[in-house]
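Undergrad: Before we start, here is the structure in question, set down as structure tokens.
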């Protein structure tokens, strides 16, 4: 029923953000935990941006990557997004397709590394297409991936220092990236 409904809405334009919301099934976490032998887990999200004409090929390569990594994808969606011409660290460079992935991540070092490997692989698939990823969802991107997707990031850090030399405004996110990119 779900897929039939959304196929019937093909071509419609929604003017309300509430139409993008979807709910998880009641007790979904318990059902998933039962399937993975009771291991503690959570979902980690990412968004990958690629030029619209590249979407079919990107999805095929992403499916291959995720299958080869034995990644458990709980949720995914595709939406069309427009260029961000307001943000200094613009999250999308042009009219792109956005692919959202929610990966099941076991609360073990191996589980976290498995998700990190898949997220880095997805970013690697986007970069040669002039694609990108949403910077704030996770911290798994390698420095070279960050700089490929956000080449103005060092300038952002320099401007932050210029306008806030005493670091009055900061966060865990800022401190993480400042340290990670300090030697670049």
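In the numbering used here, the protein residues as written are 2 to 185. C-beta: ideal position from N, C-alpha, C; glycine also.
Which runs of the beta strand (DSSP E) fall wholly inside the stretch 74-100 and span at least 3 residues, in chain order?
TA: Runs of the beta strand (DSSP E) inside the stretch 74-100: 74-82.
Undergrad: What number of angstroms, rounded off, separates the C-alpha of residue 1 from the C-alpha of residue 60?
TA: This structure does not reach residue 1, given that the chain is present from 2 up to 185, and the question cannot be answered.
Undergrad: Could you compute how far the alpha carbon of residue 104 sits from the alpha carbon of residue 120?
TA: On the chain shown, residue 104 is found 103 positions in, with the first residue counted as 1. On the chain shown, residue 120 is found 119 positions in, with the first residue counted as 1. If I take the Cα positions, the gap works out to 9 Å.
Undergrad: Give the secondary structure of residue 131 by DSSP, where H, G and I count as helix, E and B as strand, and everything else as coil.
TA: Taking the first residue of the chain shown as position 1, residue 131 is located at position 130. DSSP places residue 131 in coil when its eight states are reduced to three.
Undergrad: What does the alpha-carbon distance come out to for the pair residue 146 and residue 162?
TA: In the chain shown, the residue the question calls residue 146 occupies position 145. In the chain shown, the residue the question calls residue 162 occupies position 161. In a straight line, the C-alpha of residue 146 is about 23 Å away from that of residue 162.
Undergrad: Quick check: the Cα distance between residue 176 and residue 6, rounded to an integer number of angstroms?
TA: Taking the first residue of the chain shown as position 1, residue 176 is located at position 175. Taking the first residue of the chain shown as position 1, residue 6 is located at position 5. When rounded, the distance between both Cα atoms is 44 Å.
Undergrad: Looking at residue 101 and residue 122, is the spacing between their C-beta atoms short of 8 Å?
TA: Within the chain shown, the letter at position 121 stands for residue 122. Within the chain shown, the letter at position 100 stands for residue 101. Not a contact, by the Cβ cut-off of 8 Å.
Undergrad: Consult DSSP for residue 37 and reduce its assignment to one of helix, strand or coil.
TA: By 1-based counting over the chain shown, the position of residue 37 is 36. Coil.
Undergrad: Can you tell me whether residue 28 is helix, strand or coil according to DSSP?
TA: For the purposes of this step, residue 28 is taken as the residue at position 27 of the chain shown. In this structure, residue 28 counts as coil in the three-state DSSP scheme.
Undergrad: Would you say the stretch 78-87 touches the stretch 37-46, given that touching needs at least three Cβ pairs under 8 Å?
TA: No, the stretch 78-87 does not touch the stretch 37-46.
Undergrad: Please list the terminal residues of the continuous alpha helix (DSSP H) segment that includes residue 181.
TA: Numbered from its first residue, the chain shown carries residue 181 at position 180. 173-181 is the extent of the alpha helix (DSSP H) around residue 181.
Undergrad: What is the DSSP secondary structure of residue 42, reduced to helix, strand or coil?
TA: On the chain shown, residue 42 is found 41 positions in, with the first residue counted as 1. If DSSP states are grouped into helix, strand and coil, residue 42 belongs with the strands.
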